[in-house]
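**Student:** In this note's numbering, the protein residues as written are 85 to 583.
Please see the structure below; I have some questions.
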Ligand code: ZN
């Protein structure tokens, strides 16, 4: 190890420590912290994030990165860590400290303003804050932009390297041209699917029991992970030996079942990072999109298939004899795959999900690149829902105010949800050709282990050493190709609906 690299590492360890503390506070805020803790704790988080900023923008830190970049003796992993450090520095260094602090402050307020506006269904109350957040993000993007780079491309790049508007326009065009008419065909088919048995008296402790059972069944390791309850399910991790997932319970049993399998998919990705990489800048899932590909792979491709439920369904019936005792496996699998165009993204079915994302992508582009007036958002939103999904929100709570992302300044994040589904379908198409995918699922845990091992070996173990695009190419031998996703959906749902 060279001297400069060693010195760089001490800075990175400090940065990592601050980052870990912030993650832990955020986890605590969402799960166990008492109601009134928020504003008091966020002062501490502010201070820690300031320290993090100071480490990353320290002159010495910059000097060590420069020295390391010239060092030819670094290993591949070390060079990747230097590259990531350089990118992190570039991202922060171009923003004046004062503005960075102001924005962090604004964000902690803006999510509260958003939550209140949503509760009161009052979009106007959120407009001034949203305008400010958007202005900051545009300004920050302009600081970061390379010569001639469009602002929205800068934002997109933060979440998914190599996927700019040119690639995404093509991707979403494929969805729009093929999935919108297919959805209409499904809805006009006259086929009705009964899923009423999924709603009812499902006691929370029973849901928790089956949730933990399923998480473990798909491969979430409870020696390295925990599961808690939060308003919205999410996954976070301190390192590969401490991965945390949450879920929420209501009277729709499928909500918690599939959110647990989804978050387990995120968790399994993080648990699959090797010890050599964890707690370094490359020791995490490579991108938001690849992360979603893993969670949605477990949730939908595995978790909503008949082959998956064949060995497990008796267990579910055993836990809920009164609710599911008379429901056959076939009825259950049809029920969990029912397509219902709806207004809320997080409750959308697999088939319509990416259309919710398409809408957000088009609107973000308008906001960032075409200066769409923020006041017009509710109407633009409602029109697009009507056009693509055939439903229209009756208020802003089930419309434009439903997602937290914009209040946090996360513009450019949404596309990764749809990209993840498409990555997953491309991987699945490849895997099906090379292994007896359904047969493996039917054999239960041992079979899932084979599938999980494939994902670990080809995706998880690389952390950030490869980009999502590289991974796709290395695994499937092909660049990203959205057609696999559309084909997968059309084939699956033609079967479910018998058309
Ligand atoms: Zn997810």
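C-beta atoms are modelled at their ideal positions from N, C-alpha and C, and glycine is treated no differently.
Bear in mind the structure is a predicted one, so any value in this text is a computation, not a measurement.
If you measure between the beta carbons of residue 370 and residue 222, is that distance less than 8 Å?
**Tutor:** Counted from its first residue, the chain shown places residue 370 at position 286. Counted from its first residue, the chain shown places residue 222 at position 138. Not a contact, by the Cβ cut-off of 8 Å.
**Student:** Among 282, 353, 582 and 265, which residue has its Cα nearest to the Cα of residue 304?
**Tutor:** In the chain shown, residue 304 corresponds to position 220, counting from 1. Answer by Cα proximity: 353.
**Student:** When we look at the beta-carbon of residue 547 and count the other beta-carbons within 10 Å, is it buried (16 or more) or exposed?
**Tutor:** For the purposes of this step, residue 547 is taken as the residue at position 463 of the chain shown. With 16 or more other Cβ atoms within 10 Å, it is buried.
**Student:** Which residues does DSSP pair with residue 320 in a beta bridge?
**Tutor:** Within the chain shown, numbered from 1, the residue matching residue 320 stands at position 236. Residue 320 pairs with 328.
**Student:** Going residue by residue through the region 248 to 304, where are the continuous alpha helix (DSSP H) segments of at least 4 residues, counting only ones entirely within it?
**Tutor:** Taking only runs of at least 4 residues, the alpha helix (DSSP H) segments lying wholly in the region 248 to 304 are 249 to 272 and 288 to 302.
**Student:** Grab me the residues of residue 381's own chain with a C-beta within less than 8 Å of its C-beta, minus the 5 sequence neighbours each way, in chain order.
**Tutor:** Counted from its first residue, the chain shown places residue 381 at position 297. Taken in chain order, the residues that qualify are 349, 508, 511, 512 and 539.
**Student:** Answer yes or no: do residue 330 and residue 114 have a C-beta to C-beta separation smaller than 8 Å?
**Tutor:** Position 246 of the chain shown, counted from the start, is the residue given in the question as residue 330. Position 30 of the chain shown, counted from the start, is the residue given in the question as residue 114. Contact: yes.
**Student:** How about residue 518: is its Cβ closer than 7 Å to a heavy atom in the ligand ZN?
**Tutor:** Position 434 of the chain shown, counted from the first residue, corresponds to residue 518. Checking every heavy atom of the ligand ZN against the Cβ of residue 518, none is found closer than 7 Å.
**Student:** Compute the beta-carbon to beta-carbon distance between residue 356 and residue 545, rounded to the nearest angstrom, for a pair I have assumed lies under 8 Å.
**Tutor:** Position 272 of the chain shown, counted from the start, is the residue given in the question as residue 356. Position 461 of the chain shown, counted from the start, is the residue given in the question as residue 545. Contact holds; Cβ gap of about 6 Å.
**Student:** Less than 7 Å separating the Cβ of residue 346 from some heavy atom of the ligand ZN?
**Tutor:** The residue given as residue 346 occupies position 262 in the chain shown. Yes, the Cβ of residue 346 comes within 7 Å of a heavy atom of the ligand ZN.
**Student:** Going by the CB atoms, is the gap between residue 176 and residue 132 shorter than 8 Å?
**Tutor:** For the purposes of this step, residue 132 is taken as residue 48 along the chain shown, with counting starting at 1. For the purposes of this step, residue 176 is taken as residue 92 along the chain shown, with counting starting at 1. No, Cβ-Cβ distance for residue 132 and residue 176 is not below 8 Å.
**Student:** Skipping 5 residues on each side, what residues in its chain have a beta carbon closer than 8 Å to that of residue 308?
**Tutor:** Reading the chain shown from its first residue, position 224 is the one you call residue 308. Correct list, in chain order: 324, 325, 326, 327 and 355.
**Student:** With respect to the alpha helix (DSSP H) encompassing residue 464, which residues constitute its N-terminal and C-terminal limits?
**Tutor:** Here residue 464 is taken as the residue at index 380 of the chain shown, counted from 1. It spans 461 to 473 - the alpha helix (DSSP H) in which residue 464 sits, taken as one unbroken run.
**Student:** Using beta-carbon positions only, say whether residue 279 and residue 496 come within less than 8 Å of one another.
**Tutor:** Taking the first residue of the chain shown as 1, we reach residue 279 at position 195. Taking the first residue of the chain shown as 1, we reach residue 496 at position 412. Taking 8 Å as the Cβ cut-off, residue 279 and residue 496 do not qualify as a contacting pair.
**Student:** For my contact list, residue 449 and residue 236 are in at a C-beta cut-off of 8 Å; report their separation, rounded to the angstrom.
**Tutor:** Here residue 449 refers to the residue found at position 365 when the chain shown is read from its first residue. Here residue 236 refers to the residue found at position 152 when the chain shown is read from its first residue. So it is a contact: roughly 6 Å between Cβ atoms.
**Student:** CB-CB under 8 Å to residue 515, same chain, minus the five flanking residues each way: which ones, in chain order?
**Tutor:** Position 431 of the chain shown, counted from the first residue, corresponds to residue 515. Around residue 515: 521, 535 and 538.
**Student:** Would you say the region 395 to 412 touches the region 453 to 467, given that touching needs at least three Cβ pairs under 8 Å?
**Tutor:** Segments in contact, no.
**Student:** Are the beta-carbon atoms of residue 359 and residue 282 separated by less than 8 Å?
**Tutor:** Against the chain shown, residue 359 aligns to sequence position 275. Against the chain shown, residue 282 aligns to sequence position 198. Not a contact, by the Cβ cut-off of 8 Å.
**Student:** Based on DSSP bridge pairs, tell me the residues matched to residue 313.
**Tutor:** Position 229 of the chain shown, counted from the first residue, corresponds to residue 313. Residue 313 pairs with 331.
**Student:** For residue 336, write down the residues that DSSP places opposite it in a beta bridge.
**Tutor:** On the chain shown, residue 336 is found 252 positions in, with the first residue counted as 1. Per DSSP, 283.
**Student:** In the structure shown, what three-state DSSP assignment does residue 205 receive?
**Tutor:** Along the chain shown, read from residue 1 onward, the residue named residue 205 stands at position 121. Note: residue 205 maps to coil in three-state DSSP.
**Student:** Provide the residue span of the alpha helix (DSSP H) that contains residue 152, from first to last.
**Tutor:** Translated into the one-based positions of the chain shown, residue 152 becomes position 68. Where residue 152 is concerned, the enclosing alpha helix (DSSP H) stretches over 143 to 154.
**Student:** Taking 7 Å as the line, does the beta carbon of residue 440 fall inside it for any heavy atom of the ligand ZN?
**Tutor:** The count along the chain shown starts at 1 and reaches residue 440 at position 356. No; taking the cut-off as 7 Å, the Cβ of residue 440 has no heavy atom of the ligand ZN nearer than that.
**Student:** Is the beta carbon of residue 172 within less than 7 Å of some heavy atom of the ligand ZN?
**Tutor:** To locate residue 172, count along the chain shown from 1; it is residue 88. Because no heavy atom of the ligand ZN lies under 7 Å away, the Cβ of residue 172 does not count as near it: no.
**Student:** Return yes when the C-beta of residue 376 is under 7 Å from any heavy atom of the ligand ZN, and no when it is not.
**Tutor:** Position 292 of the chain shown, counting from 1, holds the residue named residue 376. Yes.
**Student:** Look up residue 540 in the DSSP assignment and say whether it is helix, strand or coil.
**Tutor:** The residue labelled residue 540 in the question sits at position 456 within the chain shown. Reduced to three states, the DSSP call for residue 540 is helix.
**Student:** Using the Cα positions of residue 541 and residue 201, report the straight-line distance between them to the nearest angstrom.
**Tutor:** Start at 1 with the first residue of the chain shown, and residue 541 comes out as number 457. Start at 1 with the first residue of the chain shown, and residue 201 comes out as number 117. If you take the alpha carbons of residue 541 and residue 201, they lie about 45 Å apart.
**Student:** Which of helix, strand or coil does DSSP assign to residue 519?
**Tutor:** Start at 1 with the first residue of the chain shown, and residue 519 comes out as number 435. Coil.
**Student:** Could you compute how far the alpha carbon of residue 351 sits from the alpha carbon of residue 318?
**Tutor:** Reading the chain shown from its first residue, position 267 is the one you call residue 351. Reading the chain shown from its first residue, position 234 is the one you call residue 318. Each residue's alpha carbon lies about 10 Å from the other.
**Student:** Quick check: what's the CA-CA separation for residue 480 versus residue 457?
**Tutor:** Along the chain shown, one-based indexing puts residue 480 at 396. Along the chain shown, one-based indexing puts residue 457 at 373. Answer to the nearest angstrom: the Cα atoms are 16 Å apart.
**Student:** Flag this pair as yes or no: are the beta carbons of residue 217 and residue 490 separated by less than 8 Å?
**Tutor:** Your numbering for residue 217 matches position 133 in the chain shown. Your numbering for residue 490 matches position 406 in the chain shown. Yes; because the gap between Cβ atoms is below 8 Å, this pair is in contact.
**Student:** Spell out a yes or no on whether the region 240 to 256 and the region 203 to 220 are touching, meaning 3 or more CB-CB pairs, one atom from each, closer than 8 Å.
**Tutor:** Not touching, per the Cβ criterion.
**Student:** Between the Cα of residue 347 and those of 390, 298 and 368, spot the shortest distance and give me the residue it belongs to.
**Tutor:** For the purposes of this step, residue 347 is taken as the residue at position 263 of the chain shown. The shortest C-alpha separation from residue 347 is found at 298.
**Student:** Roughly how many whole angstroms lie between the Cα atoms of residue 247 and residue 335?
**Tutor:** What you label residue 247 is simply residue 163 of the chain shown in a count that begins at 1. What you label residue 335 is simply residue 251 of the chain shown in a count that begins at 1. For residue 247 and residue 335, the distance between alpha carbons rounds to 39 Å.
**Student:** Any chance the CB of residue 350 is under 7 Å from a heavy atom of the ligand ZN?
**Tutor:** In the chain shown, the residue the question calls residue 350 occupies position 266. The answer is yes for residue 350.
**Student:** Please determine whether the Cβ atom of residue 379 lies at a distance below 7 Å from any heavy atom of the ligand ZN.
**Tutor:** Your numbering for residue 379 matches position 295 in the chain shown. Flag set: Cβ of residue 379 near the ligand ZN.
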